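**Student:** There's a structure below that I have some questions on.
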Amino acid sequence: MNAYDVLFDHHNTLRGLCSKITAMPPTSAERRDTLDELLVELDIHMRIEDDLFYPAVQAASKLVAIAHAEHRQVIDQLAVVLRTPPQAPEYDDEWHSFVTVLDAHAAEEERDLCPPPVEMREEELNVLGNKMSARIIDLHASTFEKLHVRGRAAMLRAM
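Going left to right, the sequence shown walks through residues 5 to 163 as our numbering numbers them.
Structural data, given as structure tokens:
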């Protein structure tokens, strides 16, 4: 599978989870469970980008540096959401800010890094896409990944 297709499909997975969460009552158990699912998908997404996609387009170093900075913005806003009690009056605003930051990052990547400002052959894109897909599958199956995300979420909540 082409690397762009993998990246775009996973962006759509993240967007779909955000839409699903937004439609649920803030204090519902289903929303908490779906938010946990989003946390895993977000971690997986950032790992495939940081470990595989960005190095492949590193010649666009300025854009990759911006993408890394945007990852920090996403995590910072996620920390605010995780620290805000769902019943708090400001929770919805914080949640919508997170969704906006996440979507803006995905849209910017899709616009500026796909295709990257460096020439990549179709074969290279397919090899990269296959590596990204395999990594997603491996991380979904990993108990360690789920524990890692839970630990990170607990740390973000405590900050």
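Just so you know, even glycine gets a beta-carbon here, dropped at the ideal spot from N, CA and C. Please read all numbers here as calculations on a predicted model, not as lab measurements.
(1) Could you give the residue range of the alpha helix (DSSP H) that holds residue 94?
(2) Is the number of C-beta pairs between the segment 94–111 and the segment 18–27 that are closer than 8 Å three or more?
(3) Helix, strand or coil for residue 69, going by three-state DSSP, please let me know.
(4) Candidates 140, 148, 163, 147: which alpha carbon is nearest residue 48's?
(5) Looking only at its own chain, which residues have a Cβ that is under 7 Å from the Cβ of residue 94, when we skip the five neighbours before and after it?
(6) Could you tell me how far apart the beta carbons of residue 134 and residue 5 are, in whole angstroms, since I believe they sit closer than 8 Å?
(7) Assuming residue 73 and residue 132 are in contact, meaning their beta carbons sit under 8 Å apart, how far apart are those beta carbons, in whole angstroms?
(8) Would residue 7 and residue 136 qualify as a contact pair, given that the criterion is a beta-carbon distance under 8 Å?
(9) In the DSSP assignment, find the unbroken alpha helix (DSSP H) run with residue 154 in it and report its ends.
(10) Check residue 28 in the structure and name its three-state DSSP category.
(11) Classify residue 42: buried if its beta carbon has 16 or more other beta carbons within 10 angstroms, exposed otherwise.
(12) To the nearest angstrom, how far is it from the Cα of residue 158 to the Cα of residue 39?
(13) Residue 123 to residue 62, Cα distance in whole Å?
(14) Which same chain residues, not among the five before or five after residue 96, have their C-beta less than 8 Å away from its C-beta?
(15) Does DSSP classify residue 103 as helix, strand or coil?
(16) Run through DSSP, which three-state label would residue 130 get?
**Tutor:** By the coordinates alone:
(1) Here residue 94 corresponds to residue number 90 of the sequence shown, with the count starting at 1. Counting along the chain, residue 94 falls outside any alpha helix (DSSP H), and DSSP gives it neither H nor E.
(2) yes
(3) Residue numbering aside, residue 69 sits at position 65 when the sequence shown is read from its first letter. Note: residue 69 maps to helix in three-state DSSP.
(4) For the purposes of this step, residue 48 is taken as the residue at position 44 of the sequence shown. Checking every option, the nearest Cα to that of residue 48 belongs to 140.
(5) What you label residue 94 is simply residue 90 of the sequence shown in a count that begins at 1. If we look at residue 94 and ignore the five residues flanking it on each side, its Cβ neighbours are 88.
(6) Within the sequence shown, the letter at position 130 stands for residue 134. Within the sequence shown, the letter at position 1 stands for residue 5. Residue 134 to residue 5, Cβ: 6 Å. Contact.
(7) For this step, residue 73 is matched to residue 69 along the sequence shown. For this step, residue 132 is matched to residue 128 along the sequence shown. That pair is no contact at about 23 Å.
(8) If you number the sequence shown from 1, residue 7 lands on position 3. If you number the sequence shown from 1, residue 136 lands on position 132. In this structure, residue 136 lies closer than 8 Å to residue 7 by Cβ.
(9) As a first step, residue 154 must be located in the sequence shown, where it is residue number 150. Counting along the chain, the alpha helix (DSSP H) containing residue 154 begins and ends at 147–162.
(10) Locating residue 28 in the sequence shown gives position 24, where the first residue counts as 1. In the three-state reduction of the DSSP assignment, residue 28 falls in the coil class.
(11) The residue given as residue 42 occupies position 38 in the sequence shown. Buried.
(12) As a first step, residue 158 must be located in the sequence shown, where it is residue number 154. As a first step, residue 39 must be located in the sequence shown, where it is residue number 35. Between residue 158 and residue 39, the C-alpha separation is close to 13 Å.
(13) As a working note, residue 123 is residue 119 in the sequence shown. As a working note, residue 62 is residue 58 in the sequence shown. Roughly 12 Å separates the two Cα atoms.
(14) Position 92 of the sequence shown, counted from the start, is the residue given in the question as residue 96. Within the same chain, residue 96 has close Cβ partners 30.
(15) Taking the first residue of the sequence shown as 1, we reach residue 103 at position 99. In the structure shown, residue 103 sits in a helix (DSSP, three-state: H, G or I).
(16) As a working mapping, residue 130 is identified with position 126 in the sequence shown. Looking at residue 130 - three-state DSSP - the assignment turns out to be helix.
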